[in-house]
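Position 801 of the sequence shown, counting from 1, maps to 801 under UniProt numbering, and the rest follow consecutively. Cβ coordinates follow ideal geometry from the N, Cα and C atoms, glycine included. Scroll down for the structure; my scribbles are underneath it.
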Amino acid sequence: MFVVRFWAELFQLSADRSQWAILYPSLLSVTVSEISRKRHAVHVTATSASRIIVDQLLDSSSQVTRVSSCFAYWRHQCQTYGVNFVSAEDCDHFCELSMETSRFIKFGTTSQGDGSSSTPIIVFAKLSQIFDVHRGVVKHTQTPFTDCVIKLSKNAAVVSVNGKDFSLNLLESVMVVGEVKERLYISEPGGAFAVECDCAKTLRSLLTNLLTISSLLLSGSNNVANAAHYLQKQIGKLNEKIVSLMRSLTALQPECELARDLDEELEMAHLRIFALKYRLAAICDVPFPPPSELLSKVSLRTLRHLSSFGGAAVCSLHLHFLCKARFQIGKRNSSSREELALNVLALHTELMQHAKVSVVLPSGTVLNINEPADNTKAILEKVCDELCLCPEKYCIVREGRHRVRLMECEYRIEKTDRSLGLTICARQVDDVIKAEVRAVRDGTTMVQVGDTVVSVDEHPISELQTADQVETLLRSATALVLRRRNCSHSCGSSFIVNDSRLPVANKTHSMDRISEPTSSNTLNNEWQAESTRSSPSRRSCLKQVSANVMSHSACERSSREDDRKPSPTSLSLKTSHFSPGAEEQLFKTINELVTTEENFVRDVQKLVNQYLKPLNLPILETADRLLRVQTSFLCSLLDAAGDVAHSASASQQQLRDSLIRISALFVNKCSKFKIYSEYSAAYLRFQQNKKEKNDIEAKLEKMNVSGEQSESAQSLLIKPIQRVLKYPLFLQQMRDNCARGSVERQQGEQALSRMHALAEYVNEMQRLTEQYGLAIEEISSKNSAVSRMNFSQLLMFAHVNWLNCYENRSRPVSCVAFVFTSLILILCPSLSKSKARVYRILPIAEIEVNESDGNSTQSQFLFVLIHIGSPREPVYHLCCCQAEVKNQFIKSIRKAAASLAKEQRRPLSGSSQSDGGYGSERHPP
């Protein structure tokens, strides 16, 4: 029997589970007494001055959970209560007494430095590995369940099994309870595991603790409320991304390569949301989402790779995307040893060395063959030999860097609506009639431009004598058999011919109007509209192609004229989206962009690891963040470029897709490139620090092992500033070589515009740093506002006149006003030359704005800032040179205030708003 007393605050969770309400405004005396010798129940009483505030009995159903060093909560009669102790030791003791000790054992270890204690949780369970990852390939390996010990600490989880220890990667892991209720599935970059405990409660407690630790690591906070706010914010961003992706998918053909990439991005976003929802459910103590919620949003194409179901399928899906080196649950922790993004280059190189290609069969089954993806002939021979198929009836179509599809050369389509949505050109070549698809409406996904017609309603095209007979058949056609353009044994020479040798003129028949004749203008305009809609980059070729695309009446007139005179020479039927010179230049530009980006990332990595980290220079933090941004950008760039990056034999469609994806990548990543302004400022401060510069330069020179000037620290330090200026040049080359009016050119112009705006921003921040950087740094150091006066937090700056300056009331004073995210700085350089700097720091939270001064005739230029609670100068009368500047200045202040208010609206874990609680020496019992 025991009786223990503590001093603590007591809280109750609101009905909507949004915030903790304190039950008594001061510290309470909490008494914990034993009810049973087996410690299966304890009696908790909280009193203040002989008044009982809480009197409860805690047993195994109370589910006492510790969420920080001093805060724990439990369930009692459908309510949730929390206690904030004055010290971590008291919280340790309370949890040790109130929680079941049959499966959870506490070990108190006092640190030597600060006297604080950490109490790791030991869980006994059984472990089985269900998936293994080897060289980027997920393998199913079901090992028997083995006894293990899982040790949970503040920021780690260590598993001991068979005498060996390994740490779980809590940042990149996905945890889910599967179809078996007493089984937990955990997947991380190294593989996936199944965990079993002796009861559902033990398993639930283990999962809750793992997810809570992971959430705190992801959010970079020690506060559960902050972690929940972070998770909700990330879920909101992912929902916005999903809406954007779905909007983009509606404008693409489902089978195109870009659509498949967007489908993967959409599935990855759903998986991220599922993982974040699991963490949020653990923190908020609500039911976990079922695996079916995620799997129902995954395409059948992806599900075929999983070879499992339920919770194991979620882990398999996670590993499937991890092997693509493009997936992460949340923002990366800089101290994490699992730097997945920094290992993408090594993974890419390894995959290229072991060139294994996935072959998708018509049935949906996937075969893996050790052949380069560009050697389609060898792949076709191997697949057909293994499956006993005839190679002449099948072809290989490239779908990605390491993925191809086996397709039948001939296929059949039938008319189920009024039209088939095709435009077919028939012509006579070497006394043989041949018909080719020249345009495809958006709704027809199976047919591609360039496919040849084999037969119409069981009538072979090769047996027909004239193009008029083809026209007659097409008018009443209900079914067509076509041959894919990839399967043409004559390599397309049948359709790239000199028309001057043909005795019969070209005949084009629109399958959109096979049931009724149409005029020349109507058909021509309709073909142009459909062709533009399905492939906008063809607009530049419409004038050339329209000469070859004729309506039925035009064909008849041309045919009658050809009976009387020879056919004139016409244009070639081969349509190209790029001129030969432009296409070659585009391949070179993309190749140079990717190659130089890989070299740049290696240079920055060398700069950080070889020079900056050993000396711990101030510029290190910015350079390290720049390295992470550029590594992530390089991964995305390799995915966007695809086969075009290192091969000039890619098709025009692959080139067009790469151009669109690369331009979209620059548009999406442009905001991340603002890190260059911070790096430029840090580099400028490094150059201006003349006192330490000579000593540092000598040390850096000694660290140059190779001795080459190109690998010196000074050469590497300037490369990021040079690199950001080269991006617009690459984009301009890509834009100039695209046809006018095409989607590729429009996307390139948008990306180029964004990068020009970024260059202006970087230059403006550079100018501000040179002009006011030292002054702001000096003011920040004096007022402990370094982080809040960072130029990365700057919303706007403007030159204003301060009308009622205390230091000079005789006339208006010219000032520079800076609006940061949390404060306003008014700096008066004109009054700071001969004496101390004149400035004012106004916190955003204490500012009210009046847009105009009612007593002034120039109210459109004037506004008033009211500093609430300031005894010295509560009112600041300011004047701008333009009304637009004034409006933008006020808008920036209100934007900062709204953002600040939004960040402060979050549930609190105690009235002290601190996980550390109160100090015991300040509140003795």
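C-alpha gap between residue i and residue j, whole angstroms
i	j	result
R39	L58	With a pLDDT of 49 at R39, under the threshold of 50, the modelled position of that residue is not reliable, and the figure given next carries that caveat. Near 10 Å, if we compare the C-alpha coordinates of L58 and R39.
K297	I186	21 Å
S160	A125	10 Å
H93	R5	10 Å
P391	I424	27 Å
H140	E458	48 Å
F104	Q654	Any answer about F104 is weak, because its pLDDT of 37 lies below 50 and its placement is not dependable; what the coordinates show is given next. Going by the C-alpha atoms only, they are around 57 Å apart.
T478	D639	42 Å
R811	N804	8 Å
I514	V447	Because the pLDDT at I514 is just 33, under 50, the model does not fix this residue reliably, and the value given afterwards should be weighed accordingly. Cα to Cα, the separation comes out at about 17 Å.
Y876	V800	12 Å
L245	L266	6 Å
residue 926	V86	This structure cannot settle anything about residue 926, because the visible part of the chain is limited to 1 through 925.
S29	G220	33 Å
S358	L768	53 Å
N737	V440	25 Å
Sequence-distant residues of the same chain with beta carbon closer than 6 Å to residue i, five excluded per side
i	result
V608	A623, D624 and L627
D603	L716 and K719
Q793	F820 and T821
R398	V404
A817	A798, V800 and I826
Y230	S219
Where residue i falls: helix, strand or coil (DSSP)
i	result
G869	coil
H646	coil
G236	helix
N763	helix
L10	strand
residue 958	Not covered by the structure: residue 958. The range shown for the chain is 1 to 925.
S462	helix
Q428	strand
N704	coil
K154	coil
S296	coil
G311	helix
E172	coil
L607	helix
R66	strand
V447	coil
S792	helix
R740	coil
A798	strand
Same chain only: Cβ atoms within 7 Å of residue i, ignoring 5 sequence neighbours per side
i	result
F193	L127, S128, Q129, I130 and I186
F166	V159
L203	E182, L184 and C197
S162	Reading the sequence as shown, one finds Asn at residue 162 and not Ser. Within the same chain, N162 has close Cβ partners T146.
V481	E410, R412, V454 and S455
R17	C284
Enclosing alpha helix (DSSP H) for residue i [first to last residue]
i	result
S658	Q652 to K669
K415	It is not in any alpha helix (DSSP H) - K415 carries neither H nor E in the DSSP assignment.
F166	Not the alpha helix (DSSP H): F166 falls in the beta strand (DSSP E), residues K164 to S167.
E471	A467 to R475
A378	T376 to L387
Residues sharing a beta bridge with residue i, DSSP
i	result
Q56	V44
S892	Looking at the DSSP assignment, S892 forms no beta bridge with any residue, so it has no partner.
E85	In the sequence as presented, Glu is not what sits at residue 85; that position holds Phe. Its beta-bridge partners are A8.
H76	Q79
I776	DSSP output for I776 lists no bridge partner at all.
Q129	F193
L406	I396
Endpoints, beta strand (DSSP E) assigned at residue i
i	result
R840	V838 to P843
V629	That residue, V629, is in no beta strand (DSSP E); its alpha helix (DSSP H) goes L620 to A641.
R735	That residue, R735, is in no beta strand (DSSP E); its alpha helix (DSSP H) goes A713 to D736.
V32	L28 to E34
Contacts around residue i, its chain only, beta-carbon distance under 8 Å, and the 5 residues preceding and following it disregarded
i	result
I660	L258, V743, E744 and Q747
E807	V813, C828, L831 and V838
Q232	L280
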